[in-house]
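> Position 192 of the sequence shown, counting from 1, maps to 198 under the working numbering, and the rest follow consecutively.
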Amino acid sequence: MKTAITELFNIDFPVIQGGMIWCSGWELATAVSNAGGLGLIGAGSMNPDIFREHVRKANAKMRGKFGVNVPLIYSQADDIMQIIMDGEVKVVFTSAGNPKTWTPVLKEKGIIVSHVVSSQKFAVKCEDAGVDAIVAEGFEAGGHNGREETTTLTLIPLVRSATTLPLIAAGGIANGRGMLAAFALGADGVQIGTRFAASKESSAHSHFKERILKTMEGDTELVLKKVIPVRLIKNEFYSLIKEAEESGASKEELTSILGKGRSKKGMFEGDLTEGELEIGQASALIDKIMPVSEIMHNLVKEFQIARKELNKL
7 MKTAITELFN IDFPVIQGGM IWCSGWELAT AVSNAGGLGL IGAGSMNPDI FREHVRKANA
67 KMRGKFGVNV PLIYSQADDI MQIIMDGEVK VVFTSAGNPK TWTPVLKEKG IIVSHVVSSQ
127 KFAVKCEDAG VDAIVAEGFE AGGHNGREET TTLTLIPLVR SATTLPLIAA GGIANGRGML
187 AAFALGADGV QIGTRFAASK ESSAHSHFKE RILKTMEGDT ELVLKKVIPV RLIKNEFYSL
247 IKEAEESGAS KEELTSILGK GRSKKGMFEG DLTEGELEIG QASALIDKIM PVSEIMHNLV
307 KEFQIARKEL NKL
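1) If we ignore side chains and look at the alpha-carbon of each, how far apart do threonine 9 and valine 97 end up?
2) Can you name the start and end residues of the beta strand (DSSP E) that glutamate 143 belongs to?
3) Along the chain, which unbroken stretches of the alpha helix (DSSP H) at least 4 residues long are found entirely within the stretch 246 to 276?
4) Pop quiz: proline 20 and aspartate 134 are said to be a contact at Cβ under 8 Å. What is the actual Cβ separation, rounded to whole angstroms?
5) Beta carbon of glutamate 207, beta carbon of alanine 83: below 7 Å?
6) Could you give the DSSP three-state label for asparagine 53: helix, strand or coil?
7) Alanine 139: which of Thr160, Gly152, Ile117, Phe145 sits nearest, CA to CA?
8) Can you give the Cα-Cα distance for threonine 156 and isoleucine 162, rounded to whole angstroms?
9) Extract the residue ranges of the beta strand (DSSP E) inside the stretch 84 to 143, only unbroken runs of 3 or more that lie entirely within it.
10) Any idea what DSSP makes of serine 81, helix, strand or coil?
11) Just to confirm, is the Cβ distance from threonine 109 to valine 95 under 7 Å?
12) Assuming histidine 60 and tryptophan 32 make a contact with CB atoms under 8 Å, what is their CB distance in whole Å?
13) My guess is that asparagine 151 and leucine 228 are in contact by the Cβ rule of under 8 Å, so how many angstroms apart are they, rounded?
14) Using the beta-carbon count (16 or more within 10 Å), is lysine 271 buried or exposed?
15) Under three-state DSSP, which class holds leucine 238?
16) In angstroms, rounded to a whole number, what distance separates the CA positions of lysine 127 and serine 167?
17) Are the C-beta of threonine 221 and some C-beta of chain B separated by less than 7 Å?
18) Quick one: what's got a C-beta closer than 6 Å to tyrosine 80's C-beta in the same chain, skipping five residues either side?
19) Just reading off the alpha helix (DSSP H) that glutamine 287 is part of, what are its end residues?
20) For alanine 41, tell me which candidate among Arg237, Val306, Thr200 has the shortest Cα-Cα distance.
21) DSSP on leucine 230, reduced to helix/strand/coil?
22) What's the C-alpha gap between threonine 221 and glycine 199?
23) Three Cβ pairs or more, each shorter than 8 Å: is that satisfied between the stretch 257 to 270 and the stretch 279 to 293?
24) Which class does histidine 213 belong to by DSSP, given the choice of helix, strand or coil?
25) So is glutamine 88 buried or exposed if we call it buried at 16+ other beta carbons inside 10 Å?
26) For glycine 182, name the three-state secondary structure that DSSP assigns.
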């Protein structure tokens with residue numbers, strides 16, 4: 007498959023693995039890259055020393071053939087960026103912040119930069135900032151999300167009409183049919199998180215992976231809108247947050263309830279009761295934990311079958 011995304015990143019298939027916190031370590035990133043896509047290390051849940059070790063291990067296995075996702079709101083983002091520029095990282099995906107902050111600096115180092123947006127307005131700002139590609143992430147996505155609550159079906163055509171940059175669709179895509187739909191909407195590639203979170207190579211706790219398989223339609227919801235909107239599986243922690251929001255809790259009160267380490271407790275340590283379980287709506291489409299190689303094979307096969315079916319219309 008050849009698209010603007012495969013050419014930009016020199017990959018076989020236009021599939022980017024989402025850089026999810028607590029799920030996207032070096033093993034997942036290198037497995038996706040080895041299978042023909044682009045794997046990302048999720049730096050948002052790593053302190054600088056741990057991140058440096060993940061980069062070292064990824065480079066030992068696939069010299070530079072992977073990327074890194076850096077949420078710009080992360081308190082140690084500056085340290086992470088320095089490690090990136092000092093090491094052999096060729097691709098950086100930034101999110102949750104102003105793309106102008108780091109894009110020029112990274113590009114001076116010869117690094118390919120993509121930025122994640124949730125609206126047409128911010129996509130235009132990305133182009134002004136000089137990024138190489140844009141990830142447009144719809145409301146269906148897991149983890150931190152846009153306040154606009156624009157679905158992928160609407161967002162991709164809006165962003166496509168506003169920019170000619172290579173465009174990656176994200177949010178709600180977990181199989182080949184979803185991938186084909188993203189192309190029909192104007193995307194050049196897809197970013198997939200939830201499906202890879204439930205892979206054998208994911209660094210998520212096995213309890214969390216099994217919970218993903220049990221998640222049905224309607225079992226996730228976007229909450230914490232006064233703090234930073236995030237899509238969660240409905241559990242006891244979710245209920246605590248939901249009740250506080252409905253009673254009119256302030257941003258400060260919600261932040262206090264959230265506390266520290268909730269996402270690590272849920273996704274990395276496997277506490278399905280008190281932990282924060284971030285996952286997308288596409289979890290309802292997943293019923294099996296598989297190795298990355300099988301996931302990628304299925305994605306491409308399903309894409310090809312769906313495309314042939316449409317050609318008959």
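Cβ coordinates follow ideal geometry from the N, Cα and C atoms, glycine included. Since the model is a prediction, treat every value here as computed from it, not as a measurement.
Concretely, from the data shown:
1) 17 Å
2) 139 to 143
3) 257 to 264
4) Their Cβ separation, rounded to whole angstroms, is 25 Å, which puts proline 20 and aspartate 134 out of contact at 8 Å.
5) no
6) coil
7) Ile117
8) 10 Å
9) 97 to 101, 118 to 123, 139 to 143
10) coil
11) no
12) 4 Å
13) 6 Å
14) buried
15) strand
16) 11 Å
17) Of the protein chains in this structure there is only one, and it is not chain B.
18) Gly50
19) First-last for glutamine 287: undefined, no H or E at that position.
20) Val306
21) coil
22) 15 Å
23) yes
24) helix
25) exposed
26) helix
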